[in-house]
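Trainee: Got a structure for you, written out below as structure tokens; questions coming shortly.
Numbering (the working numbering), first residue to last: 311 to 569.
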């Protein structure tokens, strides 16, 4: 387990892992009101800023948010990241690429009759418009849901249709970012296949249960792909100064002029 003592020595630990630590915070739900959850909102803004800063080294558009195991907060962090990127003026498509246990349609209260899996069941002409996703309550943010469950996701994700799909996402000028929420890395092959298509990856780690051994396995799995591992987000952590940070941010919100 990644302990609080380990987190307090995060510079040494993540340097040993050769991974960039983006931030550590506790996420349980999608942020709908930044004023009520200032610490989580600010954490999401920091992650957005880190993502934009990474563009200076090597530009990218397709970003995968994944985790070693299930239950690490991957989907919620993907949703919050996409939301705050859109709020900053970026045009964002959030894709539910978890073809086994999809959940983003529930996050955003969207229909899921047609989505990513439609690519593997219909002709390109039938689904090309649908690939732009559904609009959300947030300007600049659209969501492509998973669609109906399919029998063999790994086979589908390695098909010619999948290659055509990701080529389309890379070339489209409609979006600045395409964010993929995936299934966990280690239990199934899906995310490792997706990693070969995307240009960058963020790894979400559950501080309360992820072991060092599991984290190393996840890093090794990603190292076999062509994706650029940007760094990790430590989720469900309890930093010693979270309380003071939260009080500071609440005070900042209260002092801001109301529109």
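From the three backbone atoms N, C-alpha and C, an ideal C-beta is built for every residue, glycine too. Quantities reported herein were computed from a predicted structural model and do not represent experimental measurements.
Can you say whether residue 517 is buried or exposed, counting buried as having 16 or more other CB atoms within 10 angstroms of its CB?
Mentor: Buried is the call here.
Trainee: Thinking just about the alpha-carbon of each residue, which of 397, 471, 466 is nearest to the one in residue 359?
Mentor: Closest option to residue 359, Cα to Cα, is 397.
Trainee: Quick check on DSSP: helix, strand or coil for residue 538?
Mentor: In the structure shown, residue 538 sits in a strand (DSSP, three-state: E or B).
Trainee: Quick check on residue 378: does DSSP put it in helix, strand or coil?
Mentor: Reduced to three states, the DSSP call for residue 378 is coil.
Trainee: Short check: CB of residue 372 to CB of residue 507, under 8 Å?
Mentor: Cβ distance < 8 Å, so residue 372 and residue 507 count as in contact.
Trainee: Compute the beta-carbon to beta-carbon distance between residue 424 and residue 407, rounded to the nearest angstrom, for a pair I have assumed lies under 8 Å.
Mentor: So it is not a contact: roughly 15 Å between Cβ atoms.
Trainee: If you reduce the DSSP assignment to three classes, tell me which class residue 527 lands in.
Mentor: It is helical.
Trainee: Does residue 489 come out as helix, strand or coil in the three-state DSSP assignment?
Mentor: The answer is strand: DSSP assigns residue 489 an E or B state.
Trainee: Is DSSP giving residue 459 helix, strand or coil here?
Mentor: Note: residue 459 maps to coil in three-state DSSP.
Trainee: Given a cut-off of 8 Å, decide if residue 385 and residue 265 are closer than it, judged by their beta-carbon atoms.
Mentor: Look at the range of the chain in this structure, 311 to 569, and you will see that residue 265 is not part of it.
Trainee: When the Cα atoms are used, what is the spatial distance from residue 527 to residue 438?
Mentor: Looking at the two C-alpha atoms, the distance is approximately 36 Å.
Trainee: Starting from the Cα of residue 353, find the closest Cα among 387, 381, 377 and give me that residue.
Mentor: The residue with the shortest Cα to Cα distance from residue 353 is 387.
Trainee: Is residue 401 helix, strand or coil when you go by DSSP?
Mentor: Coil at residue 401, not helix or strand.
Trainee: Tell me whether the beta-carbon of residue 451 lies closer than 8 Å to the beta-carbon of residue 404.
Mentor: Their beta carbons are under 8 Å apart, which means residue 451 touches residue 404 by this criterion.
Trainee: Considering just the uninterrupted stretch of the alpha helix (DSSP H) at residue 475, what are its terminal residues?
Mentor: Taken as a continuous stretch (DSSP letters only), the alpha helix (DSSP H) holding residue 475 covers 470-481.
Trainee: Can you tell which of 536, 442, 521, 496 has the C-alpha that lies nearest to the C-alpha of residue 544?
Mentor: Considering only alpha carbons, the answer is 521.
Trainee: DSSP state of residue 411, grouped into three classes?
Mentor: Of the three classes helix, strand and coil, the one that applies to residue 411 here is coil, per DSSP.
Trainee: Pull up the distance between the alpha-carbon of residue 509 and that of residue 383, whole angstroms please.
Mentor: Whole-angstrom Cα-Cα distance: 22 Å.
Trainee: I'd like the span of the alpha helix (DSSP H) that includes residue 510, first residue to last.
Mentor: Careful: residue 510 lies outside any alpha helix (DSSP H), inside the beta strand (DSSP E) at 510-516.
Trainee: Would you tell me roughly how many angstroms separate the C-alpha atoms of residue 492 and residue 447, rounded to the nearest one?
Mentor: Distance between the alpha carbons of residue 492 and residue 447: 23 Å.
Trainee: Using 10 angstroms around the beta-carbon of residue 442, count the other beta-carbons present and answer buried if the total reaches 16, otherwise exposed.
Mentor: By the neighbour-count rule (16 or more Cβ atoms within 10 Å), residue 442 is not buried but exposed.
Trainee: Starting from residue 451 and walking both ways along the beta strand (DSSP E), at which residues does that stretch end?
Mentor: Residue 451 -> beta strand (DSSP E) spans 451-454.
Trainee: Specify the secondary structure class of residue 423 as computed by DSSP and reduced to three states.
Mentor: Correct three-state label for residue 423: coil.
Trainee: Going straight from the alpha carbon of residue 537 to that of residue 392, what length do you get?
Mentor: Roughly 19 Å between the two C-alpha positions.
Trainee: Starting from residue 441, trace the alpha helix (DSSP H) in both directions and tell me its first and last residue.
Mentor: Premise fails: residue 441 is in no alpha helix (DSSP H) and is neither H nor E.
Trainee: From 399, 370, 367, 416, pick the residue whose C-alpha is nearest to that of residue 389; which is it?
Mentor: Checked all of 399, 370, 367, 416; the closest Cα to residue 389 is 416.
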